[in-house]
Every structure is written in structure tokens, then in C-alpha cells.
Amino acid sequence: MLSRIALRSRGALARMPVQAPRLVSLAPTRAVTANYTKTFVRLQHTTKPLAAKETFAPLDTFPRRHIGPKGADVEAMLKEIGVKDVDELLAQAIPSSIRSPKPLAIGEGITERDLLERLKAVASKNKVLRSYIGTGYTNTVVPNVILRNVMENPAWYTQYTPYQPEISQGRLESLLNFQTMVTDLTGMEIANASLLDEGTAAAEAMLMTWQAGRRKKNTFIVDVNCHPQTIACVQMRAESFNINVVVADAFTYKWEENKKDLCGVLLQYPNTRGTVQDYEALTATVHKAGGQVAVATDLLALTLLKAPGEFGADIALGNSQRFGVPLGFGGPHAAFFACKEEHKRRMPGRLVGVSKDASGNPCYRLALQTREQHIRREKATSNICTAQALLANMSAMYAVYHGPEGLKDIAQRIHNMTAVLAEGVRKSGFTIENDGAFFDTLSIKVDSASAIIQKALDKGINLRSINAHTVSVQLDETVTKNDVNDLLSVFQTDAAVTIDEAAKVIADGMVAFPPQLKRTSKFLQHEIFNTHHSETEMLRYIHHLQSKDLSLVHSMIALGSCTMKLNATSEMIPVTWPEFANIHPFAPVDQTEGYRIMLEELEKDLEEITGFDAVSLQPNSGAQGEYAGLRCIRSYHEARGDSKRNVCLIPISAHGTNPASAAMAGMDVVIIKCDDKGNLDMDDLKAKAEKYQDRLAAIMITYPSTFGIFERGVAEACEVIHKYGGLCYMDGANLNAQIGLTKPAEIGADVCHMNLHKTFCIPHGGGGPGMGPIGVRDILAPYLPGHPLVATGGENATGPVSAAPYGSASILPISWAYIKMMGGNGLTDSTKTALLSANYMMSRLAPHYEVLYTNENGKCGHEFIVDIRPFIPHGIEAIDVAKRLQDYGFHSPTMSFPVANTLMIEPTESESKAELDRFCDAMIQIRQEIQEVIDKKVPKDNNVLSNSPHSIEVLTASTWNRPYSRELAAFPMAHLREKKFWPSVSRVDDAYGDRNLICTCPSPEEYLEE
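At position 157 of the sequence shown (counting the first as 1) the number is 480 in this note's numbering, and the numbers step up by one without a gap.
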């Protein structure tokens, strides 16, 4: 039974009696697949009053809020496309051979209120204890001004990656603050804009040292006292590159004897047992042996400890989570990564740099983008194409809010309380393993670790068991005097030591580690970290930066392949609930029941949606999902004695992460051609599959294709690969076009990753977080990723691909909520609407631009490509259209991918027809502006496109010598006078920024010098 929906309107309708629009289904139409008889549901308005029998029908149903086009708008869109109904459109867009024979077996969607009530009940099954487990994760105080105005603010969390810098200056400045914070505290020369987590950042460091040795030195030493999950991530990554990882005590390792094959070493500072060690002599020894030194460290500890750069480290990395980001059962958190200047072109991830705009003003941009690993495709040693931007911004804001003195005070307070605890433990008769060499963590020798752990649990406290006779406790900024007292009581017998007695050891500025390791250098001296310490100033600074950035709160972001859809408030609310936010990733299983219920339900729903037999939620980005899936394929072949199978076929049109991920998984990439219409060249595929049949491991296919088409040959392609013993990996970037209509497993895929930040509504966060779980057939299930500290993965699990067992677990409630509220019918209708919207926009734009790669019926999938190349002889390129769209209040569609000088447009299902039309009107108007250049009515090198975007400074300048009016530049369409988003700078000079690389906050003097 369909739900009834009441909707109160504005204007004239508001004066009418309250009436109820009804959900009316189309007459059932037989679909192209025999058993497929689902109907497309539309929201239609009716003048009939609410019937008595509908009195108890819920009004807060979710699909009507998520799906944009409704009623008469749907009819108008169908008419523009030239089809009588949505079923006819689907029949023309999707091959009948791949349509699912039955609807999704996911229940009715539940209302927003019911969803939140149910999830609250599930979350309440988690037990939020005081966790002092440590291992790279600590409790923290999230300043409320940052919590409310960044983490919970859609103007921050719905932003896209800052590839269009003119409308991204706010987050770029904040990310530059993050880089400055990291370089200052680590003492390194350059830092990136964050990585995914500490474990994988350590793996990236290993590969950098390997590259520095020209890939000829294959031994990497990991100190035995690094965090266990970090060791496991490094070992996992090393396997594919045949790097020999040796876990050893770095202080006793025979460096001179093994220097011939040494590429580097990873140290932890302070180490996993809390010990603060002097690594200066060891670093010199490693350098003498020809190796590089990477140090995993703690930013807060570095406010008191000598910086890694000051004792000679080449790379510094770690987790910035304790700078104001909740535990969240393991993520998302921003890893940091810094290195010496000489490694800047090897460094993975994004790098924010300073440049200038067309008016000569300083501005920010992503620098050295050609060094990004995924652009190097099969030559890459990393597939990182993302960051944890939202979390990096939170940590940067935390440093801005507290400033250098505030951070040092927090660190000193934690250190003092650790010293008090140490004194109390000492006087209770226990031995502290790292006595006199700790910052915030004590490793304590006990008769029975299990007995102490249980005694702590009885008091609502989690400690870490290192072994049968050693426990550790790591303090943090949330700890109070009462907490320390409770911790003392865990270790006390009858002869109790009072906390006040223990506190007598504290002196001003005292340190309980070797005095030569005390920090003497200054940090965070830039004015940005020394200004905004009141909430008033901080609030204004956050909103000042926010005002410079375009996000989904302003307009649609029609990015092909990136699926920028609604991130609903009801989905977002649970993320900051304490029951989800304040859980340690290694908390005992009986404390995480709520998480496990939610995760298991999400896995089941994803299995149904994709048709697979098992799902792993561990990969914390789409690229990590690719890597995890390919590693499962490698493990499957190896288990069958087919280790020689290492060839991966990849279409020339594939995302850059595909060949990069294949290279990371130890595969040799062989490129498959595409025909003139963007389809797989089946002849080339068959020839390559046959040629490499003895070595064929896999094929990677994006479906619908990277060109936005449901290729008819996809099932045949899977059959060919299976025939020759390979397996099929489906890139799930375009899964939003499949749900409820077809399934990867039914098409023939063996594994597929799902971009939860695309199809399943986790917001992009200005460039991260993302999530990329994988679904697999039963034959691959035994090889799903495991974890050294938490039981996950299959029976023959590969090593972890993320530091936390469930990746960025705290954002998974978003996707869980989306699926539960939409239900099976709602999810299917979303997919239909995404296809409808794309084909509608394509029909509107086709008379004005050449559209590339439609199918034989002239239809596209969920996205389409408009060609800007015909305008190149007239001086107009895709970048000019992209920048001009900013003047119209829009973010550009995906530019120059998968074809150079094109724009790939994806509207998603959550945008209304009015918004789709607003974008189309802008593109049509821009086409008219292009025509004026073609007709030579305006100069080829001085026109409204080549000079775009137009900032307020440019428009209000005292002189105006351009061959078009200020009005045309600023207000090309009438509605912009009422609602206008202003680019904060003129066109950014990318080349200048790369030639004059500055990646930390410049001083005013530096600006003046430039």
C-alpha cells in the first residue's frame, strides 16, 4: 500500500484548505525483462481533502524529500525527451539483458522520525565507557563552535574537492592552515592536505623510501614498538611490491650488516607502549646505512617534545584525530604527512599552495596536481586521489582556536596528570615500564593483566592489555581529577595513595622524559593561530571562510561520476550522537553491540542492492575499495596455485585510480581500447584476454561506462574474462544508475566497490571523507580484509587496507539511514529519476552543444558529456566554460574527464526540474556568449569567458576597459540580481603557483615581496 502525503504550499495555495497530494502509480507497464513489472511512482497534487481513512498516514515520508522532480515536472521532462513514460525511457537506455528480474528485497521506507527513534534505540546498545586504550586514538574535546559551525554545517560538509579554486578559497585557506600546523609541529619542510589514516600513511611512507632508493633497495624496517594496526597496514601494502618488511627492535638491529638492501625504517614517537625515546643517534645510523627515516608521531605530544625534523627524520606522519575530532569507532580522521622538500614530488595526496589570481592578488589552489599519484596511472605506487578534508579542517580550526599556547597548555595538563597517575601507581607497588620516559601513556607491569582490565571495566574504564603481565593507559584532554582518582583505584590495594599526595610531584613546566627531548623551538607563530581565541572571533573566522566556498547549500553541483546528491539532515544527525562518536575502535565487543547491529544491517542491504554474497565495510575511500577488491582477486588466484595470474585489463577510459590500484595490487596493467562511441572494443578485449589467458587475473570495468552509457557488451565482456580464468572487478563509481534496475553480480561482476559518498549520500566534505566498501561473490568472501586487533574479514583474510577495522565507521549511519528511509521502492525510483534528469538535461543542451557517446537509441545513463573541443580554434576551452559557470552561480561539471576539453554532467535525482533548468539556461546562455566570440563580435583573447570568473574587486574597479559591460559580467541572467554567489578571487594562475611553490601560511612580508 502506498503512503499518502500531505504538503502545505505557499502563496495562493496556502489560502486554500489543507489538501493532500497523493502518490499515484502509473498503469503497470510490462518492462523489457519478463518478470519486471515495477511502476514508477510520481507525486501528484490533488484538490481532494484528506480522506478520513488517511488520518493516520505518516506525513514525514522521505523519498518525496529526497527525489526532486515530481508530478507535472516529470511529465514535462518526459515530453522534452520524447518518451511517453519512464518505463519507455528505461527500455531505451538500459539493455534488457541486464535488467533485474525482480524488485529489491528491501522493505518499505520508514519515516524520518521513526528512523531516528529506531537508530537511537540501536545506538543505545553501545556502551560509552571512559577509554584509555590509546594506540593512536584518544578522546578529545570538540569545541562546540567547531562542532556546530563546521562538522554539523552543510556549507562545510557538502562542498566538493577544491578543483575550482576561485569558489573554494575558504576551505583551501583552512587546509593551508592544516599544512602549516603539521610542518610547524613536525619540524618538516612540506606537508600535504591530509591522508586517510595513520596506518595507510605509514604504508605510503614506506613506498616513498622505496622510491627514493630507485626501487632497488627492498628492505624496510618497522620498529617492533609501532602500533600493531600500523605494522599490519605496512605489511599488507609491501606484499604487492615484494618489499621485505622486517619487524625488529630498531635499537638492536644490525644496520651496518644489512645496509645494502635498506630503503628505510618506521619509528613511533612516542611509541605504542608510551615510551619517549631519543632517536637522533639512530637516525644518523640509518642515514649512514643509506636508508630514510619515517616517524609516526603525535601532534599534541610535539608541543612538548623535540620535533622529528629536528632530529633528522625524513618523513613524519600520524593521526590528527586528537585535535578536536571524535573517536567515531575509528574514523573518519585526518592523517597528516610531512617530509623534506626533496620528496615533494613523491609525496602522496593533495597539496595546497599559494598562487596569485588574474588581478595579481594572493590566492590558494591545489598545487603540483600532475604529481598526484592517480594521474600516473599504472606507474603509480599509490592510488591516493583524496584526503580527509572535512576532518583536516576541523583539526586546523582546533589549532587556530587554541593557538600555540593553548595547545601547549592542553599537552602540559595531560602530561601532568600522567605524572600524577605514575606517582600513584608507583607508590601502590607497581613497576612502570617506561618510567621517566613518557608523555601521556604508561605501560604498567602487573601480575594479571586480565584481572586489572576487569577491575577497570567494573569502574566503567577501558584499559589496553599489551600482554599477560602488562597493561597501558593513555590519558587525554577529557580527563578530570576524578578520572585520575578512579584510575588510581584500579591499581591500589588497602594502602591507598591519595591523588593529592601523588600530585606533589608536579612542578611548573616539568617533563617526565629525557630533558634533551624537550621542545625549545617555537611553532604556530603565524597570526592566524594567534588571533581567533574567543568564540566570537572564531565564529566569524569560520563563517568568513565559509562565505568564500560554493557548496550544495547554494546550487546543484553537476559533477559527472561524482554524484553530488542530497546529504539529508536526518541522515547526518546521528553522526555526532555520543553513542556513535565516543566509541574507541578497539573497545571490547560487548560495548559495541549497537554499531554491530547497524553495520550488519548495512552489509545485508548492500548485498541485496548489488547481488553479492558478502560485503566488507573496511575500505575508507573508493580507491581503497579498488585496492581491497583486487587484493581479494590476487589472494583467490594464489590460493588456487595460480600466482602467475597478474594481468589486469583496464579500458583506456577508466578512472586514473583503476590502473593505480592494479599496480598497487601487484598487477601488470594492459589497456583495452574503446570504440568511437566510447564502448569497450570487444575485439581488442577478446584478443587481449586470449593473449594473456595464462596470466589473466582480472578486468576492471566501470558501469555504466565512464562515458555514461549502459554498454550492451558488458555481460559478454564478463563471460570472456571468466572463460579465460580471470575475474571481473566493477568500479562502482556509477552505481547510482543501477540500484533497483540491475545488479553488478547479475551482470557478471565478481567484486565491486560502492562509493558511499556518492550513491549512498555520505557528503563529500570538501574533498573527504569517503567510503568504498566492497561486495564480493562467495568465492572471494574468504579473502575479505581482516584486522590484527578486531575479528573481521573472511576465514583467509588479507591484511587490513585501513587502520580501523570498519574504516570510517561513524559515517556509516548516514548510508544506513538513507537505505532505511528510502526503502526498496524509493531507491529504485531514485535511480529512475537520476536517468530521467540526465536525459532531460541532455535533450535540452543537445541543440546547443555536441553531446558525445549516446547509445543506439540516442539515450545516456545517469550522466552525459558535452564537447567543448569545436570551440578551441576560437580560443574557448573547457576551462573557460567552467570558470564562466561560476559567474552564473554554479560549480563546473567534471572537466576534461574522460575526454580532454569536455564537460561531464550528472544531475542526480535530488535536484528539482527548476534547478536543472537553471543550469541548462546558464549553459545555453554561455553558448550564446561563445557564438559572439566565433562571430568575432568580441576579441578572441578578451571576452566574458576568457576573463571569467569576475570577482567583486574586478567589477568595482575604477577603470573598465573590457569589450562587454560590467552588468553582463556580473548578472548574465536576471535571477542573479536576487541570488548571487560571488567568486572571491579572479581566475587563479596555476602555472605561477607551481613555479613559486609555497605550501604554508605566508607572512605578510612574503606577500609584499612577491
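Every residue gets a Cβ at the ideal spot worked out from N, C-alpha and C, and that includes glycine. Note that the structure is predicted; figures quoted are calculated from it, not measured.
*asked:* On the criterion of 16 or more Cβ atoms from any shown chain inside 10 Å, does residue 1223 qualify as buried, or is it exposed?
replied: Working through the sequence shown from its first residue, we reach residue 1223 at position 900. The residue in question, residue 1223, is exposed, as its Cβ has fewer than 16 Cβ neighbours within 10 Å.
field: Between the CA atoms of residue 1299 and residue 1048 - distance to the nearest angstrom
entry: Within the sequence shown, residue 1048 is the residue found at index 725, counting from 1. Within the sequence shown, residue 1299 is the residue found at index 976, counting from 1. Each residue's Cα considered, the two are about 58 Å apart.
query = Would residue 1141 pass as a contact of residue 882 if the rule is Cβ separation under 8 Å?
reply = Locating residue 1141 in the sequence shown gives position 818, counting from the first residue. Locating residue 882 in the sequence shown gives position 559, counting from the first residue. Residue 882 is positioned such that its CB atom lies no closer than 8 Å to that of residue 1141.
CB-CB length for residue 872 against residue 1233, believed under 8 Å: Within the sequence shown, the letter at position 549 stands for residue 872. Within the sequence shown, the letter at position 910 stands for residue 1233. That belief does not hold up - the Cβ atoms of residue 872 and residue 1233 are roughly 20 Å apart, past 8 Å.
- prompt: When the Cα of residue 1318 is compared with those of 593, 582, 396 and 692, which residue comes out closest?
  reply: Here residue 1318 corresponds to residue number 995 of the sequence shown, with the count starting at 1. The shortest C-alpha separation from residue 1318 is found at 692.
Would you tell me roughly how many angstroms separate the C-alpha atoms of residue 362 and residue 1231, rounded to the nearest one?
Here residue 362 corresponds to residue number 39 of the sequence shown, with the count starting at 1. Here residue 1231 corresponds to residue number 908 of the sequence shown, with the count starting at 1. For residue 362, the pLDDT reaches just 35, beneath the cut-off of 50, and the residue's location in the model is therefore unreliable, although a value from the coordinates is still provided. Looking at the two C-alpha atoms, the distance is approximately 20 Å.
Exercise. List the residues that DSSP assigns as beta-bridge partners of residue 658.
Key: Locating residue 658 in the sequence shown gives position 335, counting from the first residue. DSSP output for residue 658 lists 518 and 642 as bridge partner(s).
- Query: Given residue 1250, which residues of its chain have a CB within under 8 Å of its CB, disregarding the five upstream and five downstream residues?
  - Reply: By one-based count along the sequence shown, residue 1250 stands at place 927. Contacts found: 1171 and 1172.
Subject >> Chain-order list of residues whose beta-carbon lies under 6 Å from that of residue 671 (same chain, five-residue window excluded) >> reply: By one-based count along the sequence shown, residue 671 stands at place 348. Here the set comprises 527, 696, 705 and 707.
*asked:* Rounded to whole angstroms, what is the Cα-Cα separation between residue 1243 and residue 1097?
replied: As a first step, residue 1243 must be located in the sequence shown, where it is residue number 920. As a first step, residue 1097 must be located in the sequence shown, where it is residue number 774. Looking at the two C-alpha atoms, the distance is approximately 35 Å.
- Item | For residue 846: DSSP bridge partner residues | Locating residue 846 in the sequence shown gives position 523, counting from the first residue. None; residue 846 has no bridge partner.
### Task
Assign residue 567 to one of three DSSP states: helix, strand, or coil.
Along the sequence shown, one-based indexing puts residue 567 at 244. When secondary structure is reduced to three states using DSSP, residue 567 falls in the strand class.
With distances taken from CA atoms, which of 1074, 659 and 918 is nearest residue 644? Numbered from 1 along the sequence shown, position 321 holds the residue referred to as residue 644. Ranking 1074, 659 and 918 by CA distance to the CA of residue 644 puts 659 first.
Report the three-state DSSP secondary structure of residue 938 (helix, strand or coil). Here residue 938 refers to the residue found at position 615 of the sequence shown. DSSP places residue 938 in strand when its eight states are reduced to three.
Would you report the Cα separation of residue 656 and residue 1166, rounded to the nearest angstrom? Within the sequence shown, the letter at position 333 stands for residue 656. Within the sequence shown, the letter at position 843 stands for residue 1166. The straight-line gap separating the alpha-carbon atoms of residue 656 and residue 1166 is approximately 42 Å.
- Query: How long is the line joining the alpha carbons of residue 369 and residue 877, rounded to whole angstroms?
  - Reply: As a working mapping, residue 369 is identified with position 46 in the sequence shown. As a working mapping, residue 877 is identified with position 554 in the sequence shown. A caution first: residue 369 carries a pLDDT of 38, below 50, which makes its placement in the model unreliable, though a value can still be read off. Approximately 31 Å between the Cα atoms of the pair.
| Considering residue 406, what are the terminal residues of the beta strand (DSSP E) in which it resides? | Your numbering for residue 406 matches position 83 in the sequence shown. From DSSP, residue 406 is part of no beta strand (DSSP E); its letter is neither H nor E.
TODO: Compute the Euclidean distance between the alpha carbons of residue 449 and residue 1106, then round it to the nearest angstrom.
DONE: Reading the sequence shown from its first residue, position 126 is the one you call residue 449. Reading the sequence shown from its first residue, position 783 is the one you call residue 1106. Note on geometry: alpha-carbon atoms of residue 449 and residue 1106 lie some 29 Å from one another.
_Per-residue burial, residue 833 [other beta carbons within 10 Å of its own, 16 or more giving buried]_ = The residue given as residue 833 occupies position 510 in the sequence shown. Around the Cβ of residue 833, a 10 Å sphere holds fewer than 16 other Cβ atoms; the residue is exposed.
If you drop the 5 nearest sequence neighbours on each side, which residues of the same chain put their C-beta closer than 7 Å to that of residue 862? Along the sequence shown, one-based indexing puts residue 862 at 539. Excluding sequence neighbours, residue 862 sits near 468 and 472.
Pairwise C-alpha distance: residue 499 and residue 1316:
Position 993 of the sequence shown, counting from 1, holds the residue named residue 1316. Position 176 of the sequence shown, counting from 1, holds the residue named residue 499. For residue 1316 and residue 499, the distance between alpha carbons rounds to 14 Å.
### Three-state secondary structure (DSSP) of residue 788
Along the sequence shown, read from residue 1 onward, the residue named residue 788 stands at position 465. Here residue 788 sits in strand by DSSP.
Margin query: Please give me, in chain order, every unbroken run of the beta strand (DSSP E) with length at least 3 that falls completely inside the segment 1011-1059.
Written below: Entirely contained in the segment 1011-1059, the beta strand (DSSP E) runs reaching 3 residues are, in chain order, 1019-1025 and 1050-1054.
>> What does DSSP give as the partner residue(s) for residue 1173 in the beta ladder?
In response: What you label residue 1173 is simply residue 850 of the sequence shown in a count that begins at 1. According to DSSP, residue 1173 bridges with 1190.
Requested in this report: Name the residue from 858, 765, 770 and 747 whose alpha carbon lies nearest to the alpha carbon of residue 809.
Outcome: Sequence index remark: in the sequence shown, residue 809 carries index 486 (1-based). Checked all of 858, 765, 770 and 747; the closest Cα to residue 809 is 747.
On the three-state DSSP scale, how would you describe residue 860?
-> In the sequence shown, residue 860 corresponds to position 537, counting from 1. In this structure, residue 860 counts as helix in the three-state DSSP scheme.
Review point. In this structure, does DSSP put residue 605 in helix, strand or coil?
Key: By 1-based counting over the sequence shown, the position of residue 605 is 282. The answer is helix: DSSP assigns residue 605 an H, G or I state.
Under the three-state reduction of DSSP, which class applies to residue 1243: helix, strand or coil?
Along the sequence shown, read from residue 1 onward, the residue named residue 1243 stands at position 920. In the structure shown, residue 1243 sits in a helix (DSSP, three-state: H, G or I).
Taking residue 411 as the reference, give the member of 1180, 1309, 505 and 891 with the closest Cα. Counting from 1 along the sequence shown, the entry for residue 411 is found at position 88. Minimum Cα distance to residue 411 is reached at 1180.
Beta-bridge partners of residue 610, as assigned by DSSP: Numbered from 1 along the sequence shown, position 287 holds the residue referred to as residue 610. Note: residue 610 sits in no beta bridge, so no partner.
Which residues in the same chain as residue 356 place their Cβ atom closer than 8 Å to its Cβ, once the five residues preceding and following it in sequence are excluded? As a position in the sequence shown, residue 356 is number 33, starting the count at 1. Bear in mind that a pLDDT of 28 at residue 356, under 50, signals an unreliable position, so the model cannot answer this.
So, for residue 1201: in the same chain, excluding its five sequence neighbours on each side, which residues have a beta-carbon less than 7 Å away from its beta-carbon? Counting from one through the sequence shown, the residue named residue 1201 turns up at place 878. Excluding residues up to 5 positions away in sequence, 1191, 1218, 1219, 1224, 1225 and 1226 lie with their Cβ nearer than 7 Å to the Cβ of residue 1201 in the same chain.
> Whose CA, out of 979, 1033, 828 and 913, lies closest to the CA of residue 1176?
Replying inline: What you label residue 1176 is simply residue 853 of the sequence shown in a count that begins at 1. For residue 1176, the closest C-alpha among the options 979, 1033, 828 and 913 is that of 1033.
Taking the C-alpha atoms as reference points, what is the distance between residue 349 and residue 394?
Within the sequence shown, the letter at position 26 stands for residue 349. Within the sequence shown, the letter at position 71 stands for residue 394. Note on residue 349: pLDDT 28, under 50, position unreliable in the model; no value is reported.
Pull up the CB-CB distance for residue 674 and residue 525, whole angstroms please, since I reckon it's below 8 Å. Translated into positions along the sequence shown, residue 674 becomes position 351. Translated into positions along the sequence shown, residue 525 becomes position 202. That belief does not hold up - the Cβ atoms of residue 674 and residue 525 are roughly 19 Å apart, past 8 Å.
Between the segment 622-630 and the segment 757-769, can you find at least three pairs of beta-carbon atoms closer than 8 Å? Enough Cβ pairs lie closer than 8 Å, so yes.
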